[in-house]
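Protein chains in written order, with the numbering used here: chain A, 248 to 473; chain B, 248 to 473. For every residue, glycine included, the Cβ atom is placed at its ideal position computed from N, Cα and C. Worksheet: the structure to be examined is printed underneath.
Number of protein chains: 2
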Amino acid sequence: MFKETKTHEVTTDVVIFTIKDGKLKVLLVKRAHEPFKGKWAIPGGFIRISETIDAAALRILKEKTNVQNIYLEQLYTFGDPLRHPTARVITCAYFALIRSDDIVLSFEDNSEITEVEWHPVYELPPLAFDHKEIIEYSLKRVRERLEFCPIAFQLLPEKFTLTELQKSYELILDKKLDKRNFRKKFLALSILKELDECTKSGSKRPARLYSFNEITLNSKRGHFFS
Amino acid sequence: MFKETKTHEVTTDVVIFTIKDGKLKVLLVKRAHEPFKGKWAIPGGFIRISETIDAAALRILKEKTNVQNIYLEQLYTFGDPLRHPTARVITCAYFALIRSDDIVLSFEDNSEITEVEWHPVYELPPLAFDHKEIIEYSLKRVRERLEFCPIAFQLLPEKFTLTELQKSYELILDKKLDKRNFRKKFLALSILKELDECTKSGSKRPARLYSFNEITLNSKRGHFFS
DNA sequence: TTAAATAGTGTACTTTGTACAAATATATTC
DNA sequence: GAATATATTTGTACAAAGTACACTATTTAA
Numbered sequence: 248m249f250k251e252t253k254t255h256e257v258t259t260d261v262v263i264f265t266i267k268d269g270k271l272k273v274l275l276v277k278r279a280h281e282p283f284k285g286k287w288a289i290p291g292g293f294i295r296i297s298e299t300i301d302a303a304a305l306r307i308l309k310e311k312t313n314v315q316n317i318y319l320e321q322l323y324t325f326g327d328p329l330r331h332p333t334a335r336v337i338t339c340a341y342f343a344l345i346r347s348d349d350i351v352l353s354f355e356d357n358s359e360i361t362e363v364e365w366h367p368v369y370e371l372p373p374l375a376f377d378h379k380e381i382i383e384y385s386l387k388r389v390r391e392r393l394e395f396c397p398i399a400f401q402l403l404p405e406k407f408t409l410t411e412l413q414k415s416y417e418l419i420l421d422k423k424l425d426k427r428n429f430r431k432k433f434l435a436l437s438i439l440k441e442l443d444e445c446t447k448s449g450s451k452r453p454a455r456l457y458s459f460n461e462i463t464l465n466s467k468r469g470h471f472f473s
Numbered sequence: 248m249f250k251e252t253k254t255h256e257v258t259t260d261v262v263i264f265t266i267k268d269g270k271l272k273v274l275l276v277k278r279a280h281e282p283f284k285g286k287w288a289i290p291g292g293f294i295r296i297s298e299t300i301d302a303a304a305l306r307i308l309k310e311k312t313n314v315q316n317i318y319l320e321q322l323y324t325f326g327d328p329l330r331h332p333t334a335r336v337i338t339c340a341y342f343a344l345i346r347s348d349d350i351v352l353s354f355e356d357n358s359e360i361t362e363v364e365w366h367p368v369y370e371l372p373p374l375a376f377d378h379k380e381i382i383e384y385s386l387k388r389v390r391e392r393l394e395f396c397p398i399a400f401q402l403l404p405e406k407f408t409l410t411e412l413q414k415s416y417e418l419i420l421d422k423k424l425d426k427r428n429f430r431k432k433f434l435a436l437s438i439l440k441e442l443d444e445c446t447k448s449g450s451k452r453p454a455r456l457y458s459f460n461e462i463t464l465n466s467k468r469g470h471f472f473s
């Protein structure tokens, strides 16, 4: 069925989420070579022999987006012997949340890849390997996190309106939320700092701007205050 | 610092919990060889080239305890380059919950190990590698699962009293719970089947026996009804 | 029969979540 | 500058879930 190799190869793949053009999107790269040449895939690469897995995931992230200091959490390790058609490759998957503003996607002269692009997570193209499963699982995890911890702020600019915050929740949970209840809950949490500024009205009534108070995140679990 | 190898080695280690003698315990094995010769460790082994990671974890579990069909969940993948003193070994850790009755621990003529024993999780000996961290993290995970899903039944015999059930929660959470509230909550969940039997009074007033209704567990997340 | 041990039970209060509709502030346009 | 369109903002009543808390009942053993 597949070529036996002496050892496993170990990679890390990173599902990178952002909100862009009013949609929840993931970063995909188009593969230059077989297997799955020309297919879209989530960015990934081999873990180097002297680097931690976290460091490898961060390196992959940085190669493609040039961002650091963002929410990055280990998701799950996928190791079906048949997930790669020609070798035994175990991948330790991560997911990340970033703000898409001022991010310039890049290849870094990487001949492995012919394109890098944001794709709406609810309208994905056919994907290489088991990457569809990995994205679905990371979406599930992000939703779970959202229940306990306002990680959505990783997707928002420094200053944001309550409507923008709610919109990010709705995009991730893929359902409408009640405006009054959403505000009540968030204001009760006292993790929002009400600013003296308002939107300079791109349209209609200006909205109050908020920022997040400092939050200590434990990336291994994603709870408040570790 | 450590010998460079061409590739990573990939293992799986399994934290196996049980309740025995009124204590929450984990299964440890004593290592026969270096590194960490003579030190206690959680059972583990290399993932074979054609087996899934789940299958490898299950194999390790079966080698030591001869049980199957129990709750086994992937925990986290630990990959610090310094976690193993002489090689680069990435380990995909799992945890399992089993009933300790009628379990015969075994080596299977394994020269890697000189002893197999249950150890109270709150009084651990010095452990090999990063196994202390792995056990601590799995304890944290078991506690999280307990909030959503009655996985504690994996630790109990087929028929049990509410006091026994509560005791298992108290051992895992490491705190006392209120008897009335505990009972109210569980009976409201309607996942318990009240039996017509009582304990044949090993002591004092006999207690009603219960069993669990069939529950569909999704081991990747551990929620009710997948 | 009495004492000791464990099993079993209910109520008031607090907190959290949910359903739901009207008034307000600005920009645009006529 | 008046009217209109659009997005912002606000509160209350009800339901559900969690928490604190103390006494009675049944059995065994002395």
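Asked: Can you tell me whether A:Arg388 is buried or exposed? The criterion is at least 16 other CB atoms within 10 Å of its CB, across all chains shown.; Found: buried
Asked: Any Cβ of chain A within less than 9 Å of the Cβ of B:His331?; Found: no
Asked: Quick check: is the beta carbon of B:Glu251 nearer than 9 Å to any beta carbon in chain A?; Found: Confidence in B:Glu251 is poor, its pLDDT being 46 and thus under 50, which makes the residue's placement too unreliable to answer from.
Asked: Measuring only between beta-carbons, confirm whether B:Arg306 sits less than 9 Å from chain A.; Found: no
Asked: Closest to A:Arg335 by C-alpha separation, out of A:Glu383, A:Thr258 and A:Thr408, would be which residue?; Found: A:Thr258
Asked: What runs of the alpha helix (DSSP H), each 4 residues or longer, lie entirely inside the region 364–448 of chain A?; Found: 378–395, 409–420 and 426–436
Asked: So is B:Val257 in contact with chain A if we call contact Cβ pairs under 9 Å?; Found: yes
Asked: Can you tell which of A:Glu298, A:Ala454, A:Lys309 and A:Val314 has its C-alpha closest to the C-alpha of B:Asp327?; Found: A:Glu298
Asked: So the beta strand (DSSP E) A:Leu271 belongs to, where does it begin and stop?; Found: Lys270 to Arg278
Asked: For A:Gly285, is the classification buried or exposed, using 16 other Cβ atoms within 10 angstroms of its Cβ as the cut-off for buried?; Found: exposed
Asked: I need the DSSP call for B:Asp301, collapsed to helix, strand or coil.; Found: helix
Asked: Give the residues from the region 280–294 of chain A that approach chain B closer than 8 Å (Cβ to any Cβ), ordered along the chain.; Found: Ile294
Asked: Applying the 10 Å Cβ sphere with the 16-neighbour rule, what's the burial state of B:Leu403?; Found: buried
Asked: Determine, for B:Tyr318, whether the minimum Cβ-Cβ distance to residues of chain A falls below 9 Å.; Found: no
Asked: Give me the residue from A:Ser450, A:Asp260, A:Phe283 and A:Glu380 with the minimum Cα distance to A:Ile300.; Found: A:Asp260
Asked: So what's B:Glu362 in DSSP terms, helix, strand or just coil?; Found: strand
Asked: Could you check whether A:His280 and A:Glu359 sit closer than 9 Å to each other, using their CB atoms as the reference points?; Found: yes
Asked: Could you say which of B:Leu393, B:Lys423, B:Thr312 and B:Pro397 lies nearest to B:Ser458 if we only look at CA atoms?; Found: B:Pro397
Asked: Helix, strand or coil for B:Thr312, going by three-state DSSP, please let me know.; Found: helix
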